[in-house]
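Asker:
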Amino acid sequence: MKTILRLTLSIMFTLYLSAAFCQSEMVSIKGGNYIPLYGRDSLQVTISDFKIDVFPVTNQEYLDFVKRHPKWQRSQVKRLFADKNYLVNWVSDTILNDNQSLKAPITNMSWFAANDYCDCQGKRLATVDEWEYVAMADEDIADARTKDSYNEYILGWYEKPKTFNNEIGSTFKNYWNVYDLHGLVWEWTLDFNSVLVSGESRKDVDTDLNLFCGSAAIGATDLMNYAAFMRYAIRGSLKAKYSMKNLGFRCVQDIKEEK
Amino acid sequence: MKQVKLVLGVLLFGMLFFMSCSETDKKEDSSNADIPVSREMMAELTAPPNVPTPVGRRRAKKLIVKMEILEEVGTMTDGTTYNYWTFGGSVPGSFIRTRVGDEVEFTLSNHPDNKLPHNIDLHAVTGPGGGATSSFVAPGHEKTFNFKTLNPGLYVYHCATAPVGMHIANGMYGLILVEPAGGLPVVDKEYYVMQGDFYTKGENGAPGLQAFDMQKAVDEDADYVVFNGSVGALTGDNAITAKVGETVRLYVGNGGPNLVSSFHVIGEIFDKVFVEGGDMINENVQTTLVPAGGAAIVEFRVDVPGTFILVDHSIFRAFNKGALGMLKVEGEDDMKIYSGTMQEGIYLPEGGGIQSMPDEGKDKPKVSTSDKSLAEKMESGKQIYMNTCFACHQAEGQGIPNAFPPLAKSDYLNADVNRAINIVLKGKTGEITVNGEVYNSVMTKQFITSEEIADVMTYIYNSWDNNKTNVTTSRVEQVKSGH
Chain A
1 MKTILRLTLS IMFTLYLSAA FCQSEMVSIK GGNYIPLYGR DSLQVTISDF KIDVFPVTNQ
61 EYLDFVKRHP KWQRSQVKRL FADKNYLVNW VSDTILNDNQ SLKAPITNMS WFAANDYCDC
121 QGKRLATVDE WEYVAMADED IADARTKDSY NEYILGWYEK PKTFNNEIGS TFKNYWNVYD
181 LHGLVWEWTL DFNSVLVSGE SRKDVDTDLN LFCGSAAIGA TDLMNYAAFM RYAIRGSLKA
241 KYSMKNLGFR CVQDIKEEK
Chain B
260 MKQVKLVLGV LLFGMLFFMS CSETDKKEDS SNADIPVSRE MMAELTAPPN VPTPVGRRRA
320 KKLIVKMEIL EEVGTMTDGT TYNYWTFGGS VPGSFIRTRV GDEVEFTLSN HPDNKLPHNI
380 DLHAVTGPGG GATSSFVAPG HEKTFNFKTL NPGLYVYHCA TAPVGMHIAN GMYGLILVEP
440 AGGLPVVDKE YYVMQGDFYT KGENGAPGLQ AFDMQKAVDE DADYVVFNGS VGALTGDNAI
500 TAKVGETVRL YVGNGGPNLV SSFHVIGEIF DKVFVEGGDM INENVQTTLV PAGGAAIVEF
560 RVDVPGTFIL VDHSIFRAFN KGALGMLKVE GEDDMKIYSG TMQEGIYLPE GGGIQSMPDE
620 GKDKPKVSTS DKSLAEKMES GKQIYMNTCF ACHQAEGQGI PNAFPPLAKS DYLNADVNRA
680 INIVLKGKTG EITVNGEVYN SVMTKQFITS EEIADVMTYI YNSWDNNKTN VTTSRVEQVK
740 SGH
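Chain order of the listed sequences is A and B. Under my numbering, the first residue of the first sequence is numbered 1, with each subsequent residue one higher. Under my numbering, the first residue of the second sequence is numbered 260, with each subsequent residue one higher.
Next comes the structure, spelled out in structure tokens:
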């Protein structure tokens with residue numbers, strides 16, 4: 001009897017370990033072409049196949065990360081790489097606050113930290129184009145951007161306060177089997193600041209930039225552009241050292257070409 | 260000759276004087292940028308309907324303004340809430356009061372709990388984007404920029420982050436006042452009133468937390484048009500107040516995003532309006548137009564007590580969408596200015612048609628010649644009855660107990676045909692007894708022709724067990740001329 005109990009316990013422990021320390025679950029995304037928000041002149045973007053985390057990185061996962069990499073602990077981090085909001089709600093370097101769920105997405109961390117986290121796992125952050133490509137799916141189809149229900153869901157989330165402490169997986173599973181792209185937190189992207197949005201969004205109309213989000217939003221009357229534009233606006237307001245309560249991340253991985 | 264020289268000299272001197280005058284005027288205008296500042300001062304910020312202390316005679320200063328952006332749920336109307344985006348926790352945002360020449364150090368903080376980046380465009384700022392370019396700030400961060408107030412006036416500020424319309428529609432606007440040197444004239448009461456339109460998923464009055472509706476906003480189909488951010492923000496216990504004899508100054512803004520306000524105070528005339536918040540003063544104004552993204556200062560002395568209603572005189576907005584506020588004035592009545600109700604009575608226009616009286620027997624004398632058959636009269640009479648009499652006397656002539664007497668089997672009706680005709684012609688008020696019941700009600704004069712009266716009376720007398728009198732047009736004419 002005792003041996004069985006011991007066996008069960010050890011199995012459970014192994015499972016627990018694998019859940020905690022194994023690399024987080026990923027799914028494959030089949031590449032393709034699409035026109036992003038700013039692609040007015042039929043500026044198609046080509047996405048290669050890649051793998052993406054099913055969930056955003058959690059508090060638990062990030063906690064393990066900083067334990068293994070003390071340079072990313074709150075008291076150790078270089079100000080250049082993370083501002084004063086970095087993990088600001090944690091009790092200490094390695095202890096979360098009582099009201100922070102281990103299964104909630106990690107937030108209040110900078111782009112540098114997110115980038116390094118993914119790098120340490122042999123992954124990277126998604127580009128804006130990749131992220132948007134996966135995120136334009138709803139439960140049923142790969143490109144749901146013209147569906148009212150899809151857009152209403154996103155706009156609805158923008159108005160819901162304090163969703164950052166909800167657990168991962170609490171929103172819908174999309175066409176690619178990826179969770180929480182909308183409805184939980186914003187997410188860092190590799191080239192978040194490559195889309196040039198000046199602070200004065202109305203000015204962007206008459207600049208000669210290829211990426212002119214302001215004009216996209218001003219010219220837009222459909223809900224789709226408004227929802228997406230707000231994502232571009234938040235990215236435009238960021239700097240790489242910023243840490244925000246509503247901003248988390250997930251990683252992606254290139255699929256190595258097999259010969 | 261000497262005299263000519265003298266005249267020329269005077270003229271020349273006068274011209275010089277005149278020119279130098281206009282030159283100094285110009286200098287004063289352009290030199291607002293050169294007004295020196297002394298000392299630092301924290302700006303007092305107030306939530307509506309209050310305004311900060313007037314600048315009075317103070318010198319231009321370095322004015323520190325710290326404004327926080329909060330996204331938070333508030334009450335739109337009883338039972339309905341809305342996720343407002345605010346400058347300083349109120350809609351409209353905190354009132355900023357400066358004087359010309361102030362150097363404002365403006366810090367915009369975006370609360371960490373907020374989801375979106377924001378910025379601020381102050382119409383009082385001379386510079387790109389009115390500050391928007393320099394103040395675009397992510398949640399959990401703050402930005403500081405400086406500007407000098409060059410032009411006195413009342414200005415709107417608002418968020419200009421895309422989608423701009425959505426940020427404004429959620430309540431991100433307010434007023435900044437730039438007083439001239441020496442301040443605006445002192446008044447007894449000052450208040451801050453700002454109109455805005457809101458677009459919700461549910462219709463006006465739908466309960467619960469209502470989400471913003473982009474499509475309605477694009478269509479400019481507002482569910483709520485309100486003063487100070489919510490229905491009832493300026494009514495009942497929240498009404499603004501004054502005492503008889505005081506001068507009230509309202510700083511009126513309009514955040515929009517879409518609708519233009521026809522601002523009016525019921526029962527008052529604006530003694531002064533600073534048109535569009537600028538230097539031009541108009542006097543004795545009933546309703547002033549406040550454009551979206553614009554403002555006006557209105558002043559009036561309150562002479563009599565009572566409740567004065569602030570409205571957008573696009574009047575359905577006031578009574579159906581919430582654009583209604585109250586100014587309660589206490590004090591002594593002044594019967595000379597306004598007496599209140601002196602007398603009550605019932606109004607029955609006599610002879611009503613000054614138009615109809617002189618025509619008689621002249622313009623349409625031949626109406627009665629075409630005497631119809633009884634059946635024809637019954638048919639036409641029934642139609643007239645259903646249009647004119649039915650509402651009170653009911654379909655079967657049964658009337659309504661205690662209110663309108665019956666026509667069916669009516670002793671009063673059958674006793675005197677001419678009296679009945681006369682009642683239709685002239686109306687009737689006062690007590691009558693019909694079939695044993697006492698009625699005390701009002702029937703107004705009916706504006707129908709003699710032929711129509713003849714037809715409808717014939718219909719009534721030949722229905723519901725009445726005495727089957729056939730009323731002719733000539734009889735109606737006789738009754739008409741006989742009285």
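Even glycine gets a Cβ: it sits at the ideal position worked out from N, Cα and C.
1) Apply the 10 Å Cβ neighbour rule to A:PHE50 and answer buried if 16 or more other Cβ atoms are within range, or exposed otherwise.
2) Go to B:SER393, then tell me how far its alpha helix (DSSP H) extends in each direction, as first and last residue.
3) Select from B:THR506, B:LYS727, B:TYR432 the residue whose C-alpha is nearest the C-alpha of B:VAL445.
4) My parser needs the alpha helix (DSSP H) runs of 4 or more residues fully inside the region 360 to 435 of chain B; what are they?
5) Quick one: measure Cβ to Cβ for A:ARG250 and A:PHE112, integer angstroms, because I've assumed they're closer than 8 Å.
6) What is the C-beta distance between B:ASP482 and B:ASN513, in whole angstroms, given that I count them as a contact (C-beta under 8 Å)?
7) Starting from B:TYR510, follow its DSSP beta bridges and name the residues at the other end.
8) Considering only residues of the same chain and omitting the five flanking positions on each side of B:VAL738, which have a CB-CB separation below 8 Å?
9) Closest Cβ-Cβ distance between A:MET109 and chain B: below 7 Å?
10) Could you tell me whether the region 517 to 531 of chain B touches the region 555 to 565 of chain B, where touching means 3 or more Cβ pairs closer than 8 Å?
11) Can you tell me which of the three DSSP states B:SER627 falls into?
12) If you count every other CB in all the chains shown that lies within 10 Å of the CB of B:TYR606, and 16 or more means buried, which is it?
13) Considering Cα atoms alone, identify which of A:THR127, A:ASN59, A:TYR34 is closest to A:ASN99.
14) Given the structure, does B:GLY599 come close to the ligand GDP, in the sense that its CB is under 6 Å from one of the ligand's heavy atoms?
15) Should the region 341 to 348 of chain B be called in touch with the region 419 to 429 of chain B, which here means at least 3 C-beta pairs below 8 Å?
16) Using a 10 Å radius around the Cβ and a threshold of 16 neighbouring Cβ atoms, would you call B:CYS648 buried or exposed?
17) Would B:LEU548 and B:PHE567 qualify as a contact pair, given that the criterion is a beta-carbon distance under 7 Å?
18) May I ask you to list, following chain order, the residues of the region 313 to 343 of chain B that have a beta carbon less than 8 Å from some beta carbon of chain A?
19) Where are the beta strand (DSSP E) runs, 3 residues long or more, that stay fully inside the region 483 to 528 of chain B, in chain order?
20) For A:ALA135 and A:LYS123, I'd like the C-alpha separation in whole angstroms.
21) Can you pull the chain B neighbours of A:GLU159, defined as C-beta to C-beta under 7 Å?
22) Shorter than 7 Å from the beta carbon of A:ASN33 to some beta carbon of chain B?
23) A:LYS78 by DSSP, collapsed to three states: which one?
24) Return the first residue and the last residue of the alpha helix (DSSP H) that B:ILE643 is part of.
25) So is B:PHE395 in contact with chain A if we call contact Cβ pairs under 7 Å?
26) In whole angstroms, what separates the C-alpha of B:ASN725 from that of B:LEU633?
27) Tell me whether A:ILE95 is buried or exposed, calling it buried when 16 or more other Cβ atoms sit within 10 Å of its Cβ.
28) Can you list, in chain order, the residues of its chain whose CB lies under 6 Å from that of A:GLN73, leaving out five sequence neighbours each side?
29) Is B:LYS320 closer than 7 Å to B:VAL296 when the C-beta atoms are compared?
30) In this structure, does DSSP put B:VAL588 in helix, strand or coil?
31) Counting along the chain, where does the alpha helix (DSSP H) carrying B:GLU331 start and finish?
32) Taking buried to mean at least 16 other C-beta atoms within 10 Å of its own C-beta, is A:LEU102 buried or exposed?
33) Can you list, in chain order, the residues of its chain with a C-beta nearer than 8 Å to that of B:LEU792? Leave out the 5 residues immediately preceding and following it.
34) Return the CA-CA distance between A:SER237 and B:PHE346, expressed in angstroms with no decimal places.
Answerer: In terms of the structure at hand:
1) When all chains shown are included, A:PHE50 counts as buried.
2) First-last of the alpha helix (DSSP H) with B:SER393: 391 to 394.
3) B:THR506
4) Segments of the alpha helix (DSSP H) lying fully in the region 360 to 435 of chain B: 391 to 394, 423 to 428.
5) Not really, about 16 Å apart at Cβ, beyond 8 Å.
6) Beta-carbon to beta-carbon, B:ASP482 and B:ASN513 are separated by about 17 Å, too far to satisfy the 8 Å threshold.
7) B:TYR451, B:ILE556
8) ASN677, ILE680, ASN681, LEU684
9) no
10) yes
11) A caution first: B:SER627 carries a pLDDT of 46, below 50, which makes its placement in the model too unreliable to give a value.
12) exposed
13) Out of A:THR127, A:ASN59, A:TYR34, A:ASN59 has the C-alpha closest to the C-alpha of A:ASN99.
14) Looking for the ligand GDP in the displayed structure turns up nothing, as the structure carries no ligands at all.
15) yes
16) The residue in question, B:CYS648, is buried, as its Cβ has 16 or more Cβ neighbours within 10 Å.
17) no
18) GLU330, GLU331, VAL332, ASN342
19) 483 to 486, 499 to 502, 506 to 515, 520 to 525
20) Here the alpha carbons of A:LYS123 and A:ALA135 stand approximately 19 Å from one another.
21) ASN342, ALA470, PHE471
22) At a cut-off of 7 Å between C-beta atoms, A:ASN33 does not count as an interface residue with respect to chain B.
23) coil
24) 633 to 647
25) At a cut-off of 7 Å, the C-beta of B:PHE395 has a neighbouring C-beta in chain A.
26) Their backbone Cα atoms lie some 15 Å apart in a straight line.
27) exposed
28) Closer than 6 Å at Cβ, skipping near neighbours: VAL66, ASP93.
29) yes
30) strand
31) Looking at the DSSP string, B:GLU331 is not in any alpha helix (DSSP H); the run it does join, the beta strand (DSSP E), is 321 to 336.
32) Exposed, because fewer than 16 other Cβ atoms sit within 10 Å of the Cβ of A:LEU102.
33) Since the displayed chain B opens at 260 and closes at 742, residue 792 of chain B lies outside it and no answer follows.
34) 18 Å
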